[in-house]
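> Sequence order for the protein chains is A, B and C.
Per numbering that gives the first Met the number 0, the first sequence starts with residue 0, numbered consecutively.
Per numbering that gives the first Met the number 0, the second sequence starts with residue 0, numbered consecutively.
Per numbering that gives the first Met the number 0, the third sequence starts with residue 0, numbered consecutively.
Where a beta carbon is used, it is the ideal one built from N, C-alpha and C, also for glycine.
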Amino acid sequence: MAESQPLKSGSNLEKVLAAGHLAVTAEVGPPKGTSPEGIREKGAKLKDYTDALNITDNQTAIVRLCSLAGCAVLKQVGADPLMQIVCRDRNRLAIQADVLGAVALGIKNFLCLSGDHQKFGNHPNAKGVYDLDSTQLIATLRQMRDDKKFICGDDVSGDTPMFIGAAANPYADPFEFRVIRLAKKVKAGADFIQTQAVYDVDKFARYMELVCDMGLDKQTHILAGIIPVRASGMARYMQTSVPGVAVPQSLIDRMKAAEDKGGEDRKQRGEHGREEGINISLELIEQVRQIPGVHGIHIMAVNWEDIVPVLVEKAGLYPRPHVE
Amino acid sequence: MSTVLTQQSTAMPPCQATCPINQDVRGYLAAIATGDFRRSLELVRETNPLPTICATICAHPCESECRRGQADKPLSIRALKRVAVENGGPLAPPSRVSSRGQKVAIIGSGPAGLTAAHDLARMGHRVTVFEKDAAPGGAIMSYIPLYRLPRELVARDIDNIRALGVDIQTGKALGQDITLDELRQQGYEAVLLSLGLPVSRGLNIPGVDGEGVLLTLSFLKAVNYEGYRLPPDKTVIVIGGGNVAIDTARSALRAGAKAVKMVCLEAPDEMPAYPWEIEEAAEEGIEMNCSWGPKQIVVQDGRVTVLECMAVKSVFDEQGRFNPSFHDDRCTLIEGDIVILAIGQASDVAWLPQQGVALNERGQLAYDPATMATGKEGVFACGEVVQGPGSAVRAMSHGRQAALAVDAYLRHETVAFEEPFPLSQLDERVKSEVKGVDRQAVPLLEVSRRVTCFDHVDLGYTPETGVKEARRCLNCGNGAQLIADKCVACLTCVRVCPYGVPVVREAGEVDIRADQCQACGICVGECPANAIAFRMAGVEDIPQRLEAALAGGKKEVVFYCSYNTFYLRGADTLATVGIPCLGKIDVKHLLQAVALGAERVFLVGCADADCPYHRTLDWAHRRIDTARTVVQQAGLSGVTLHMLHLEPQQFAALPQHLSQAVQEAAHSEEQND
Amino acid sequence: MIKAKHKSIASIGDMLAPYRRVLVLGCNTCTAVCLAGGEKEVSLLASTLRLRSTINGQKKEFLEFVVQRQCEPEFLEEAKGLIQGADAVLSLACGVGMNCMAENFPDKPLLPGNDTTFLGLSTELGLFTERCVACGDCLIHLTGGLCPLARCAKRLLNGPCGGSEEGRCEISKDVPCIWQMIYDRMKALGQLDRLSEIVPTREWSMNDAQGPRSFVREDLRVQVAGGG
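1. Determine which residues of the region 198 to 219 of chain A have a Cβ less than 7 Å from any Cβ of chain C, and write them out in chain order.
2. Determine whether the Cβ of C/Gln-190 lies closer than 8 Å to any Cβ atom of chain A.
3. For C/Cys-26, return the contacting residues in chain A, with the cut-off set at a CB-CB distance below 8 Å.
4. Classify B/Glu-669 as buried or exposed, calling it buried when 16 or more other Cβ atoms lie within 10 Å of its own Cβ.
5. Determine the extent of the alpha helix (DSSP H) in which B/Gly-577 is found, giving its start and end residues.
6. Can a CB atom of chain A be found closer than 8 Å to the CB of C/Leu-194?
7. For the alpha helix (DSSP H) containing C/Val-23, list its first residue and its last residue.
8. Give, in chain order, every residue of the region 170 to 182 of chain A whose Cβ lies closer than 7 Å to some Cβ of chain C.
9. Go ahead and label C/Ser-171 buried or exposed: buried means 16 or more other beta carbons lie within 10 angstroms of its beta carbon, across all protein chains shown.
10. Could you confirm whether any beta carbon from chain C is found closer than 8 Å to the beta carbon of A/Lys-41?
11. Roughly how many angstroms lie between the CA atoms of A/Arg-235 and A/Thr-139, to the nearest whole one?
12. Which of the three DSSP states is assigned to B/Thr-127 in this structure?
13. How many angstroms separate the CA atom of B/Gly-582 from the CA atom of C/Glu-63?
14. Write down the C-beta distance between A/Gln-135 and A/Ala-125 rounded to the nearest angstrom, noting that I regard them as a contact closer than 8 Å.
15. How would you list, in chain order, the residues of chain C whose beta-carbon sits under 9 Å from the beta-carbon of B/Arg-428?
16. Quick one: what's C/Lys-4 bridged to in DSSP?
17. In chain C, which residues lie with their C-beta within 9 Å of the C-beta of A/Gly-127?
18. Look at the alpha carbon of A/Val-76 and the alpha carbon of A/Ile-38, and state the distance between them as a whole number of angstroms.
19. To the nearest angstrom, how far is the alpha carbon of B/Arg-393 from that of B/Ile-578?
20. Between the beta-carbon of C/Ala-187 and the beta-carbon of C/Asn-113, is there less than 8 Å?
21. Under the three-state reduction of DSSP, which class applies to A/Val-309: helix, strand or coil?
22. Suppose the cutoff is 6 Å on Cβ atoms and the five residues either side in sequence are ignored; what does the same chain contact list for B/Lys-72 look like?
23. Determine, using beta carbons only, whether C/Pro-108 and C/Ser-90 come nearer to each other than 8 Å.
24. Grouping DSSP H, G and I as helix and E and B as strand, with all else coil, what is B/Lys-312?
25. Along the chain, where does the alpha helix (DSSP H) that runs through B/Trp-275 open and close?
26. Between the Cα of A/Ser-113 and those of C/Leu-156, C/Lys-6 and C/Cys-29, spot the shortest distance and give me the residue it belongs to.
27. Nearest to B/Glu-376 by alpha carbon, out of B/Gly-382, B/Val-384 and B/Tyr-366?
28. When the Cα atoms are used, what is the spatial distance from A/Asn-90 to C/Thr-200?
29. Which residue from A/Phe-149, A/Asp-212 and A/Asp-190 puts its Cα closest to that of A/Ile-350?
30. Which one or two residues does DSSP pair with C/Thr-53 in a beta bridge?
31. Would a check of beta-carbon distances place A/Leu-131 closer than 8 Å to chain C?
32. Below 8 Å, how does it come out for the region 443 to 458 of chain B and the region 500 to 514 of chain B: are there three or more Cβ pairs, yes or no?
33. Using a Cβ-Cβ distance cut-off of 8 Å, determine whether A/Ile-84 contacts chain C.
34. Does B/Lys-80 pass the burial test, meaning 16 or more other C-beta atoms within 10 Å, or should it be called exposed?
35. Where DSSP assigns a beta bridge to B/Val-305, which residues make up the other side?
36. Identify whether C/Ile-180 lies in helix, strand or coil by the three-state DSSP scheme.
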């Protein structure tokens, strides 16, 4: 990306990426309740180790504090919030309204997602909205920002600084179509991409090769997803029960072997497992950052946010650059 | 309710179409299979005036056409007819169906003459049969060996014909004891000549006139009628390869021959005799000398010593006509004391012109096959005398035609004979799905015993093996019938049929191909529009039979596979409804039973291995499950439905099995609680 | 065709509570084909209800009839006498037929015996699956003839979500991922390049965005004298 281009949002994340640094983002899960304290606490703890923090939007279709409010709380503690928006829960009126509100509150980063199917969540009988799909959502935000128009064509008033992101899953099928789909998202207006968790580095490298062949790495910033694994059980659960996450058996075996070093003692096993999980994550970070076209990492430490500073530090990515 | 039948559905099953007298084979087999022997005999008798004789000696061309034979071994139809005859009676003698009342004379009482007599008598004509021999039956009595047809069996059939009022006068030969003119004077308005082929063909070779050279017909007649026995220690040479030659050889053996050798022109696979006859003869130790032609009979001191034969080059010429050629230089000598010629039969008609009946240029009785009429007004002919040699059943068919022709003549009408058309062959897909079921072997008298006497060789099926064999019948053409204007083209039948019988035709019409249907009945119970009727007996009348069975407030009803009726015992006080395979049970039948007050409904099917169909029991299970759901939803807590699978023999103790099923169900209910 | 299935006997029983004489009215078109409204289903349901009512001592009467299509007033004519003679009609048609029934017999309570499920087909005996959402704006020329609106759990129009795995949808291994099928088909047709085009935001006005839908064929309209 040419340095000379004007910034689209001026968000911290955009500035770090524009400056050519390897970006680090992390995910913060909002509570199933009204207290902002958890977000505040996590935000305060992680903000210095990351360039932006995602707030998930009813992740896995479970109702939580909304991403807009979560981002506003992060803003209060000085983090650069990244607001996730899923197509599942809102129609075009609600989404465009929320985006206006977010921009008004100073939120500049957005991640456009289809959303996990409602079937998996705690309201499986909800009507899935899916008025827009994720590609159309990207295009909608781009249009609001660049053309200052709503979908209907009416004018948007005020400034619209937005750094628009999208997701990509290099492991989903059909593999050959994954890069085409990425290209569509980029064409629709995705400034950055956060990928699904990378474990099979070879496959991710092949994917990135195709991405680079198409020149997409020059048009967007790709942040490789990292999900630190705490225990072999968690790895197995992700392998069988979480849509879109590809966990190789070798990883489960390696976790299991490490846990076995702890013998019968549960606590010991847990510690050995966590230690190995950290090792694995560090190895992954080291490997993916070498892959051409990778501009950053996105750490999704679900219920294990404490580990983010550890990983960032051990990976030699601390301190984070400060770009004016 | 209108029905649209494809042309095929009116076609006959191949067995019936091939049978010269079009016996309803499918019908009487189904009756046997469901244990109704009486019905089976009634059906046999509907078109067969000589059921006992046919059950014993019929050449059964039906079996070669049997469609199970395309996928498996054919049904043993002739033996099953015997099951009907032996177990279905006694039936009342046949009765007249009309009373036309004209006098008809029939000359000759072989199968053709007797059939014509029977048919004409049933039409109400006054029929007299004149038989030159001492007993009626013609060739059957004279030439069929006793070991194939015990004579008391012949009497049964002939008694039934007499019961129709047919007057059979024996010892009356036309031209000798009576004349056609006399018959005319006595008021006979028509005369039917069924004279048979009473002359053995001779052979023009040296030595044929010697002592010890016999003609087969006189030999057989002497054995059959007079109990003629050969002098001791004689070796008999039988010349000929047809069925009569085999009869001759086997009779000679039983008449005391030391050894019997057959000599025929044909190679083993060319012999005109039926394969099973050849096989049984070989079992009895009769020596076969095939592909040899007689050259001369060597007679020394006035006695036969040797038959000299030449090797046969070919029996038929290039046009396929009988025209044997020989290797003159390759000869063999077959030693023996007696030679019996069994090389064919001819008519004896040279005297007929004296009666005013013309012969044709070849010296044969002249007749018109279209009207059966001879050259003399009011005189007709039928049977082997005009057809040439053939099976008894073929002669019977000709006698039947002659009866129609004579009746038409008497009414001053013309007659047209219709050729039946058979159902087409099974297509490959259907054939591949037909479940194989072993053909039941017909037990025979053991060889060591049978060569010493004239006892009946064929022991016949027991009723039980008969039932087993009969249920192999594919019920060709007797299955599902689409009611086209009720069909909603949902294609459910197309999808449930295990055989791929229903197909989609042009313009989206469904055709349940009658000629391919295996009559399993699965589609009937699944059709959402009630648009499939069923041809086979015992299906469409289930509701009425159910109502009758439950009359009087019975609280239990048993639907059972009627292929086990034969075994069923102890069910007299139960309400039972037999269904020919439970694939034909419908949820509506089960609910009807409940609506009629039944509190326990049993569905008793075969053990899987015994079912000749695919998946019918599976569907029966689904239907009882559906009925259970309905009963439960309706809140009928006191009603239970049970499904049992029983071996045939277990049907003999049905009540015990039913109560066991109830106990088991109650037990498992408790455990679930 | 339109697919439907029976409501539970319990819920039908509740609906029937106020009525004594009920006509179970089948439909010989779509619901007959999906085994929910033909003569057999009508008689089966009527038998069930009869048994149920006997047990409950309700002495209800259940009449049975099947019309060609309940969605045509002309076909309902045949059943007019039965309908008028009944306290209520339990319809085994689809929702369309039921509405038509109700509109044409304003005095007659109409009870649904079926749940109308979707526009679909029977992919195998006993399995019915949706194929069309009647969106009013067909786009399947873009997707190889296969409809992602009807068959993608998230109605995605620009390709499969990240949950597509080995041709299966993330919601269930039993559900094929329609986008995998679209991809395979477009590949076979040599039209993969078309999938690179972004399908823009849908105009749902052809669907449910503007209230009950209707359309007019002016060439077929007959002006009613004195009409507006």
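So, from the listed chains and residues:
1. none
2. no
3. Going along chain A, no residue has its Cβ under 8 Å from C/Cys-26, so there is no contact; the nearest lies around 28 Å.
4. exposed
5. Careful: B/Gly-577 lies outside any alpha helix (DSSP H), inside the beta strand (DSSP E) at 574 to 578.
6. yes
7. Segment 20 to 26 is the beta strand (DSSP E) holding C/Val-23; no alpha helix (DSSP H) there.
8. Ala-171, Asp-172, Pro-173, Phe-176, Ile-179, Arg-180 and Ala-182
9. exposed
10. no
11. 38 Å
12. strand
13. 26 Å
14. At roughly 21 Å, the Cβ-Cβ gap does not stay under 8 Å, so A/Gln-135 and A/Ala-125 are not in contact.
15. Going along chain C, no residue has its Cβ under 9 Å from B/Arg-428, so there is no contact; the nearest lies around 18 Å.
16. C/Asp-114
17. Ala-152, Lys-153 and Arg-154
18. 9 Å
19. 36 Å
20. no
21. helix
22. Arg-438
23. no
24. strand
25. 274 to 282
26. C/Leu-156
27. B/Tyr-366
28. 11 Å
29. What the structure shows of chain A is the stretch from 0 to 323, and residue 350 of chain A is not part of that stretch, so it cannot be assessed.
30. Answer by DSSP bridge pairing: none, since C/Thr-53 is not bridged.
31. yes
32. no
33. no
34. buried
35. B/Val-297 and B/Glu-334
36. It should be noted that the sequence gives Met, not Ile, for residue 180 of chain C. C/Met-180 falls in the helix class under three-state DSSP.
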